[in-house]
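Peer 1:
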Amino acid sequence: MIRIEKVKDIYGALIDGPSIPSKQNITINNSNLTLLPALIDPHVHFRTPGHEYKEDWRAASQAAIRGGYTTVFDMPNTLPPTITQTYLKEKKTLIDAQLKEVDIPLRYHLFFGADKKHLDEIVKVKEDIIGIKVFMGCSTGNLVIDDDESLEKVFCIAAENNLLVAVHAEDEQLLQQRKHEFLDRKEYAVHSEIRSVQVACRAVKKAIALTKRYQTRLYILHVSSQEEVRLIDHAKQAGLPVYAETTPHHLFLDTAAYPLLKGKAVVNPPLRLAADRKALFSAIHAGIIDTIGSDHAPHTPAEKEQPYGECPSGMPGIETTLSLLLNAHYENLLSLEEIISLTSKRAREIFNLEKTNDMVLVDLKKEIKISDKDLKTKCGWSPYAGMVLHGCPVYTIFNNYCYQTN
Ligand code: DOR
Ligand code: ZN
Numbered sequence: 000m001i002r003i004e005k006v007k008d009i010y011g012a013l014i015d016g017p018s019i020p021s022k023q024n025i026t027i028n029n030s031n032l033t034l035l036p037a038l039i040d041p042h043v044h045f046r047t048p049g050h051e052y053k054e055d056w057r058a059a060s061q062a063a064i065r066g067g068y069t070t071v072f073d074m075p076n077t078l079p080p081t082i083t084q085t086y087l088k089e090k091k092t093l094i095d096a097q098l099k100e101v102d103i104p105l106r107y108h109l110f111f112g113a114d115k116k117h118l119d120e121i122v123k124v125k126e127d128i129i130g131i132k133v134f135m136g137c138s139t140g141n142l143v144i145d146d147d148e149s150l151e152k153v154f155c156i157a158a159e160n161n162l163l164v165a166v167h168a169e170d171e172q173l174l175q176q177r178k179h180e181f182l183d184r185k186e187y188a189v190h191s192e193i194r195s196v197q198v199a200c201r202a203v204k205k206a207i208a209l210t211k212r213y214q215t216r217l218y219i220l221h222v223s224s225q226e227e228v229r230l231i232d233h234a235k236q237a238g239l240p241v242y243a244e245t246t247p248h249h250l251f252l253d254t255a256a257y258p259l260l261k262g263k264a265v266v267n268p269p270l271r272l273a274a275d276r277k278a279l280f281s282a283i284h285a286g287i288i289d290t291i292g293s294d295h296a297p298h299t300p301a302e303k304e305q306p307y308g309e310c311p312s313g314m315p316g317i318e319t320t321l322s323l324l325l326n327a328h329y330e331n332l333l334s335l336e337e338i339i340s341l342t343s344k345r346a347r348e349i350f351n352l353e354k355t356n357d358m359v360l361v362d363l364k365k366e367i368k369i370s371d372k373d374l375k376t377k378c379g380w381s382p383y384a385g386m387v388l389h390g391c392p393v394y395t396i397f398n399n400y401c402y403q404t405n
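For what it's worth, numbering that gives the first Met the number 0 labels the leading residue of the sequence shown as 0, then goes sequentially.
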């Protein structure tokens, strides 16, 4: 039996948690701990199949649990990409085998990749996916929908089949044009200039216009700037079914990170200005941002050391997101209600997930130093290494098992 006694609820009141049948015999009696629902990560790249040298579900499931997460939604830009029913089935088989090896039945759902040549596959898999992922601009891998006709088809098919469309909103044409304009610049920081706010906004506008036409449920991934927030606010006020996600790196890092992190700071969409971070926090308070997705996108340190142009975009995040959020709470930047809303409540509502009694017990004050050597992610590094934070997950409880994480 797992017994939880005399812990705190989010208002600071002492409560007894539930007793959970288990082969473990543990009593957690600790008033320094606060009980939260376990986290849902609507946006991860766990790299199976094809890129298991960067990450796999054996390592990533442990990283998730260590970070307080028990549910993840995985993205389709794998090798092969998840763009056919056959590939989807094969991916599931591989994931299940890897999770079995480590005996962690992590809850997961898969996004299906929209690909021009395989749009007819969507209806075949509609019962088996959490939504359709559209890369409106190229990122890691070669999935992209860069013409208006195909994009419109995706929104139409999704609406007909009551599927949600999740967009990576960066406009491919503008992106390519700007890449050319900046060809002579080789420093990593030029990434934020090439993939400008305008590049993101052009795509966000297009996606919202299609939602207006088809009433497709639209989930805008990794919102990174004040201007995107404004567009989304308008769409929400107009009553459109538009939802917005931001990421830990867009909340807690900005372009000032390039000199220290170099290639490790390169991510799509790119890091923005400090003013944008501030706007994202305001958008959380205003309910314009619904969720936080870690966008856990591991690459090896050697890959990230390559010069600009060869260095792949993306950074790991699932292990550190909750501590970053709790530290923001410690600094009075976020309430615990907002953290719950961002990390589980809104995702459950938007994606119609069943309720679970998965839990995480956190210490709101404990000081931790992020260190690469403690990480479970296979890539073995974090952009936050060296940061001292207040607050961390201590126990993650699910599937009748209690994992100590700190
Ligand atoms: O920086 C990113 N990395 N952005 C993406 O859209 C994809 C991701 C990856 O898979 O590496
Ligand atoms: Zn992503």
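Positions of the beta carbon are idealized from the N, C-alpha and C atoms, including for glycine.
In the DSSP assignment, find the unbroken beta strand (DSSP E) run with Asp40 in it and report its ends.
Peer 2: It spans 38-43 - the beta strand (DSSP E) in which Asp40 sits, taken as one unbroken run.
Peer 1: Could you tell me if Val122 is buried or exposed, where buried requires 16 or more neighbouring beta carbons within 10 angstroms of its beta carbon?
Peer 2: Answer is exposed; the Cβ neighbour count stays below 16.
Peer 1: Is there contact between the stretch 327-336 and the stretch 368-375, where contact requires at least three CB pairs shorter than 8 Å?
Peer 2: No: fewer than three Cβ pairs fall under 8 Å.
Peer 1: Please find out if some non-hydrogen atom of ligand 1 comes closer than 8 Å to the beta-carbon of Asn141.
Peer 2: No, the beta carbon of Asn141 sits no closer than 8 Å to any heavy atom of ligand 1.
Peer 1: Could you pull out every unbroken beta strand (DSSP E) segment of at least 3 residues lying fully inside the stretch 349-393, listed in chain order?
Peer 2: Runs found: 358-368.
Peer 1: Are the beta-carbon atoms of Leu87 and Asp127 separated by less than 9 Å?
Peer 2: A contact, by the Cβ cut-off of 9 Å.
Peer 1: Looking at C-beta atoms only, is the number of pairs between the stretch 136-153 and the stretch 97-110 that lie closer than 8 Å three or more?
Peer 2: Not touching, per the Cβ criterion.
Peer 1: Run through DSSP, which three-state label would Arg57 get?
Peer 2: Of the three classes helix, strand and coil, the one that applies to Arg57 here is helix, per DSSP.
Peer 1: Any idea if Asp102 is buried or exposed, counting beta-carbon neighbours within 10 angstroms, 16 or more meaning buried?
Peer 2: Asp102 should be labelled exposed.
Peer 1: Keeping to the same chain, check which residues put their C-beta closer than 7 Å to that of Tyr400; ignore five residues upstream and five downstream.
Peer 2: Only Ser21, Gln23 meet the Cβ criterion.
Peer 1: Between the alpha carbons of His298 and Ile338, how many angstroms are there, rounded?
Peer 2: Each residue's alpha carbon lies about 27 Å from the other.
Peer 1: For Ala12, count the other beta carbons within 10 Å of its own beta carbon; 16 or more makes it buried, fewer makes it exposed. Which is it?
Peer 2: Burial call: exposed.
Peer 1: Are the CB atoms of Asp294 and Leu220 nearer to each other than 9 Å?
Peer 2: Yes, these two residues count as a Cβ contact at 9 Å.
Peer 1: In chain order, what residues of the same chain have a beta carbon less than 6 Å from the beta carbon of Ser223, not counting five sequence neighbours either side?
Peer 2: Same-chain partners within the cutoff: His249, Pro268, Arg271.
Peer 1: Check for me: the beta strand (DSSP E) holding Gln197 runs from which residue to which?
Peer 2: No beta strand (DSSP E) holds Gln197; the alpha helix (DSSP H) holding it covers 196-213.
Peer 1: What's the gap between the Cα of Lys178 and the Cα of Lys185?
Peer 2: Their Cα atoms are separated by approximately 11 Å.
Peer 1: Taking a contact to mean a Cβ-Cβ separation below 9 Å, would you say Gly66 touches Pro392 in this structure?
Peer 2: Closer than 9 Å, so yes.
Peer 1: Going by other Cβ atoms of all chains shown within 10 Å of its Cβ, with 16 needed for buried, is Leu182 buried or exposed?
Peer 2: Label assigned to Leu182: exposed.
Peer 1: In whole angstroms, what separates the C-alpha of Leu38 from that of Ala346?
Peer 2: Distance between the alpha carbons of Leu38 and Ala346: 9 Å.
Peer 1: Compare the Cα-Cα distances from Ile291 to each of Gly262, Gln236, Glu244, Leu78 and report the closest residue.
Peer 2: With distances taken between Cα atoms, Ile291 lies closest to Glu244.
Peer 1: Work out the CA separation of Pro382 and Leu260 for me, nearest whole Å.
Peer 2: Cα-Cα distance, rounded: 7 Å.
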